[in-house]
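Chemist:
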Amino acid sequence: MGAKTGKEYKERLKKARNNVYANGQRIEDVTIHSAFKNVVNSMAKLYDLQYEKPDKMLYQSPTTGRQVGMTFKHPTTIDDLINRREAIQAWARSSQGMMGRSPDYLNAQVMAMGMNNDLFAESDPQFAQNIRDYYEYARENDISLTHTLIHPQINRAKALHEQKDATVPLHLVEENADGIIVNGIRLLATQGAITEETFVFPSTIKKAGERDDPYSLAFVVPNNAPGIKHISREPWDYKDNKWDYPLSSRFEEGDTVVSFDNVFVPWEKVFICGNSSICNRAFLETNAVVHMSHQVVAKAIVKTEFILGIALNIMDAIGIDQFQHVQDKGRDIMITLETMKSHLYRAEHNAKLDRYGTMNPDFAALDAARNWYPRIYPDLVEIIRILAASGLTSIPTEADFEHEEIGPILERGLQGKNINGYERVQLFRLAWDLTASAFGARQTHYEYYFFGDPIRMGMTYFEKFDKEPYKQQVQDFLKETRKYS
Ligand SMILES: Cc1cc2nc3c(=O)[nH]c(=O)nc-3n(C[C@H](O)[C@H](O)[C@H](O)COP(=O)(O)OP(=O)(O)OC[C@H]3O[C@@H](n4cnc5c(N)ncnc54)[C@H](O)[C@@H]3O)c2cc1C
Numbered sequence: 110m111g112a113k114t115g116k117e118y119k120e121r122l123k124k125a126r127n128n129v130y131a132n133g134q135r136i137e138d139v140t141i142h143s144a145f146k147n148v149v150n151s152m153a154k155l156y157d158l159q160y161e162k163p164d165k166m167l168y169q170s171p172t173t174g175r176q177v178g179m180t181f182k183h184p185t186t187i188d189d190l191i192n193r194r195e196a197i198q199a200w201a202r203s204s205q206g207m208m209g210r211s212p213d214y215l216n217a218q219v220m221a222m223g224m225n226n227d228l229f230a231e232s233d234p235q236f237a238q239n240i241r242d243y244y245e246y247a248r249e250n251d252i253s254l255t256h257t258l259i260h261p262q263i264n265r266a267k268a269l270h271e272q273k274d275a276t277v278p279l280h281l282v283e284e285n286a287d288g289i290i291v292n293g294i295r296l297l298a299t300q301g302a303i304t305e306e307t308f309v310f311p312s313t314i315k316k317a318g319e320r321d322d323p324y325s326l327a328f329v330v331p332n333n334a335p336g337i338k339h340i341s342r343e344p345w346d347y348k349d350n351k352w353d354y355p356l357s358s359r360f361e362e363g364d365t366v367v368s369f370d371n372v373f374v375p376w377e378k379v380f381i382c383g384n385s386s387i388c389n390r391a392f393l394e395t396n397a398v399v400h401m402s403h404q405v406v407a408k409a410i411v412k413t414e415f416i417l418g419i420a421l422n423i424m425d426a427i428g429i430d431q432f433q434h435v436q437d438k439g440r441d442i443m444i445t446l447e448t449m450k451s452h453l454y455r456a457e458h459n460a461k462l463d464r465y466g467t468m469n470p471d472f473a474a475l476d477a478a479r480n481w482y483p484r485i486y487p488d489l490v491e492i493i494r495i496l497a498a499s500g501l502t503s504i505p506t507e508a509d510f511e512h513e514e515i516g517p518i519l520e521r522g523l524q525g526k527n528i529n530g531y532e533r534v535q536l537f538r539l540a541w542d543l544t545a546s547a548f549g550a551r552q553t554h555y556e557y558y559f560f561g562d563p564i565r566m567g568m569t570y571f572e573k574f575d576k577e578p579y580k581q582q583v584q585d586f587l588k589e590t591r592k593y594s
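Numbering-wise (our numbering), the sequence shown opens with residue 110 and increments by one.
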């Protein structure tokens, strides 16, 4: 098989008839349903891009010799890392960074865990083999994945086994000769409706104790497995008009609540079974978090470039670029962009080989970037909002411009400095879809939360940071003038 095309992606989704629900209905075919067909087409474009730019997007499988996706590549040199990143950014450019869960995000996780997997062998060597095999299977078949890391928000003050109904969060029901049976609910599967399989893994940051072992699982299941349901939040692709909805009519990935009703998972697809200790270390010790952060930072750069472009176009459109605070706001986006690029450069050029032969980017650089960007992203959105002012809401639709009577009024009344009304409103609709539409609001929310709660990520960052040299630097300075201690 090898890397798939967009056509193959759609055919597989059509054939799978995954268990997807939205707006109170079971969706028979996501490839043609109005809520999902546009984003399915955007995903298909990503897969097609693999064959449009094979030098950048494909490489030869080390096991079968087939052409497989570059974002699955196990990096053993810095050049490999750069090649991976160039493929990641080529995909990101296709959506201007709006598809957070383009396949490269989970391909990075699967690759890292598949190649750095001693941890999984701690409870059974077969689990390490399983994740290795899954990496090969996913790579050779170009499987599109969603993932669910967190448990439902019932009572965060209590552990899972202490919840008032401790059977709600996904848990192990039974182990038998063939596999495991699981039951319960998991959140939150971005692209759950439009992917082939669900990767169930522990949270990247929330840690569990031994009494939560029954909830401590990692496995993968097809999205049409008996008993699994992907229940979508309301889809926000409202109208199939790319002028009116430049982003939401293309890149609305969707998020699903995932329900498991006694779902059977064969042993070969189980990676962690009832082991909180392994779960707590899964992302760090496999370096999955490092390679996922590499994808995240590479994608964030593309998105920041796009946001900068929108800001600069707004300045031109309404002649505000000479005002000091406007320039200062443009500068803020520019500095964010340059800072993120510096993090990426340092990460790639300080990369080191680990004992598995994996070339890992410098995590210190990526960890700083992935902790910083979620906090700064809302400021970028705020800048667009402030620059656009009334322009963000004086945004009639394309149909209004086409109307015989009101079209000419809008064309004249909403013209910009050097552009006509139709072009100016199109630009401002883009700014609105980035910042203020349901899609835009979710983008801001996504950037803040998708990698985990930034507050707890920040606490972990502080705890793990090597603080001693800096404390010592000050102590040494003070010591020089101390008469006694
Ligand atoms: C748009 C979007 C897309 C997402 N996509 C995915 C996906 O594809 N796959 C996936 O698995 N997950 C996904 N997530 C989920 C994401 O991983 C979580 O939102 C994130 O980990 C935070 O967890 P939570 O939402 O359960 O927040 P909670 O843990 O419920 O936190 C709620 C609030 O309480 C505070 N809080 C709770 N507990 C503590 C504590 N112990 N100490 C300090 N403060 C605390 C938090 O700081 C936060 O303010 C997505 C989230 C969003 C918003």
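In this text, a Cβ means the ideal position worked out from N, Cα and C, and glycines have one as well. Predicted model only: the values in this text are computed from it and were never measured.
Please classify Arg479: is it buried, with 16 or more other beta-carbons within 10 angstroms of its beta-carbon, or exposed?
Modeler: The residue in question, Arg479, is buried, as its Cβ has 16 or more Cβ neighbours within 10 Å.
Chemist: Express the C-alpha separation of Ala391 and Ala112 in angstroms, rounding to a whole number.
Modeler: In a straight line, the C-alpha of Ala112 is about 27 Å away from that of Ala391.
Chemist: What three-state label does DSSP hand Lys315 in the structure shown?
Modeler: Reduced to three states, the DSSP call for Lys315 is coil.
Chemist: So the alpha helix (DSSP H) Gln581 belongs to, where does it begin and stop?
Modeler: Where Gln581 is concerned, the enclosing alpha helix (DSSP H) stretches over Glu577 to Lys588.
Chemist: Quick one: measure Cβ to Cβ for Ser232 and Ala317, integer angstroms, because I've assumed they're closer than 8 Å.
Modeler: Actually they are not in contact, since the Cβ atoms of Ser232 and Ala317 sit about 15 Å apart, beyond 8 Å.
Chemist: Who pairs with Ala334 in a beta bridge, going by DSSP?
Modeler: Bridge partners of Ala334: none, in fact.
Chemist: So, with DSSP's three-state summary, where would you put Gly567?
Modeler: DSSP places Gly567 in helix when its eight states are reduced to three.
Chemist: Between the alpha carbons of Asn422 and Leu489, how many angstroms are there, rounded?
Modeler: The alpha-carbon atoms of Asn422 and Leu489 are separated by roughly 15 Å.
Chemist: Arg538 lies in the alpha helix (DSSP H); which residues open and close that run?
Modeler: Residues Gly530 to Thr544.
Chemist: Give me the Cα-Cα distance between Ile294 and Val367, rounded to the nearest whole angstrom.
Modeler: Taking the straight line from one Cα to the other gives about 6 Å.
Chemist: Pick helix, strand or coil for Asp364, following the three-state DSSP scheme.
Modeler: In this structure, Asp364 counts as strand in the three-state DSSP scheme.
Chemist: Can you list, in chain order, the residues of its chain with a C-beta nearer than 6 Å to that of Glu556? Leave out the 5 residues immediately preceding and following it.
Modeler: Excluding sequence neighbours, Glu556 sits near Pro483 and Tyr486.
Chemist: How about Ala221 and Phe229: do their beta carbons lie closer than 8 Å?
Modeler: It is not a contact, given that the beta carbons lie outside the stated cut-off.
Chemist: Just to confirm the assignment, what range does the beta strand (DSSP E) spanning Ala298 have?
Modeler: Gly288 to Thr299 is the extent of the beta strand (DSSP E) around Ala298.
Chemist: Assuming Gln170 contacts Pro212 under a Cβ cut-off of 8 Å, what Cβ separation, rounded to an integer in Å, is found between them?
Modeler: As written in the sequence, residue 170 is Ser, which differs from the Gln given in the question. Not really, about 16 Å apart at Cβ, beyond 8 Å.
Chemist: By DSSP's criteria, Ile381 is part of a beta bridge. Which residues make up the other side?
Modeler: Ile381 pairs with Ala327.
Chemist: When you compare the CB positions of Trp352 and Gln535, do they come within less than 8 Å of one another, or not?
Modeler: Yes, Cβ-Cβ distance for Trp352 and Gln535 is below 8 Å.
Chemist: With hydrogens ignored, establish whether the beta-carbon of Gly601 is closer than 7 Å to any heavy atom of ligand 1.
Modeler: The shown model of the chain, from 110 to 594, leaves out residue 601, and the question about it has no answer.
Chemist: Check whether the stretch 270-288 touches the stretch 403-423, counting contact only when three or more Cβ pairs, one atom from each stretch, lie closer than 8 Å.
Modeler: In short, these stretches do not touch, since the Cβ pair count stays below three.
Chemist: Using the beta-carbon count (16 or more within 10 Å), is Tyr558 buried or exposed?
Modeler: It is exposed - the Cβ of Tyr558 has fewer than 16 other Cβ atoms within 10 Å.
Chemist: Is DSSP giving Asn422 helix, strand or coil here?
Modeler: If DSSP states are grouped into helix, strand and coil, Asn422 belongs with the helices.
Chemist: Expressed to the nearest angstrom, what Euclidean distance is found between the alpha-carbon atoms of Gln300 and Ile493?
Modeler: Straight-line Cα distance between these residues: approximately 27 Å.
Chemist: If I follow the unbroken beta strand (DSSP E) through His452, where does it start and stop?
Modeler: Segment Gln433 to His458 is the alpha helix (DSSP H) holding His452; no beta strand (DSSP E) there.
Chemist: Any heavy atom of ligand 1 closer than 7 Å to the CB of Ala317?
Modeler: Flag unset: Cβ of Ala317 not near ligand 1.
Chemist: Looking at the secondary structure, which residues open and close the alpha helix (DSSP H) in which Gln238 lies?
Modeler: Residues Pro234 to Asn250.
Chemist: Which term fits Pro184, buried or exposed, when burial requires 16 or more other beta carbons within 10 angstroms of its beta carbon?
Modeler: Label assigned to Pro184: buried.
Chemist: Check whether the Cβ of Ser312 lies closer than 7 Å to any heavy atom of ligand 1, and answer yes or no.
Modeler: For ligand 1, at least one heavy atom lies less than 7 Å from the Cβ of Ser312.
Chemist: Taking the straight line between their C-alpha atoms, what separation do you get for Gly516 and Phe360?
Modeler: Spanning the two alpha carbons is a distance of roughly 28 Å.
Chemist: Beta-carbon within less than 7 Å of Pro470's beta-carbon, same chain only, minus the 5 sequence neighbours each way: which residues are those?
Modeler: If we look at Pro470 and ignore the five residues flanking it on each side, its Cβ neighbours are Leu190, Val399, His403, Ala456, Glu457 and Ala460.
Chemist: Would you say His256 touches ligand 1, meaning its beta carbon is less than 7 Å from a heavy atom?
Modeler: Yes, the beta carbon of His256 sits closer than 7 Å to at least one heavy atom of ligand 1.
Chemist: Verify whether the separation of the beta carbon atoms of Leu356 and Leu496 is less than 8 Å.
Modeler: Going by C-beta atoms, Leu356 is not nearer than 8 Å to Leu496.
Chemist: Cα separation between Val583 and Asp575?
Modeler: Between Val583 and Asp575, the C-alpha separation is close to 15 Å.
Chemist: Could you give the C-beta distance for His280 and Pro323, rounded to a whole number, given that I count them as a contact under 8 Å?
Modeler: The pair is a contact, with the Cβ atoms about 5 Å apart (cut-off 8 Å).
Chemist: Measure the C-alpha to C-alpha separation of Thr590 and Gln581 and round it to an integer number of angstroms.
Modeler: Spanning the two alpha carbons is a distance of roughly 15 Å.
Chemist: Do you know whose CA, among Met152, Ile504 and Pro375, lies nearest Thr255's CA?
Modeler: Checking every option, the nearest Cα to that of Thr255 belongs to Met152.
Chemist: Tell me, to the nearest whole angstrom, how far the beta carbon of Lys348 is from that of Ser341; I am working on the premise that it is less than 8 Å.
Modeler: That belief does not hold up - the Cβ atoms of Lys348 and Ser341 are roughly 18 Å apart, past 8 Å.
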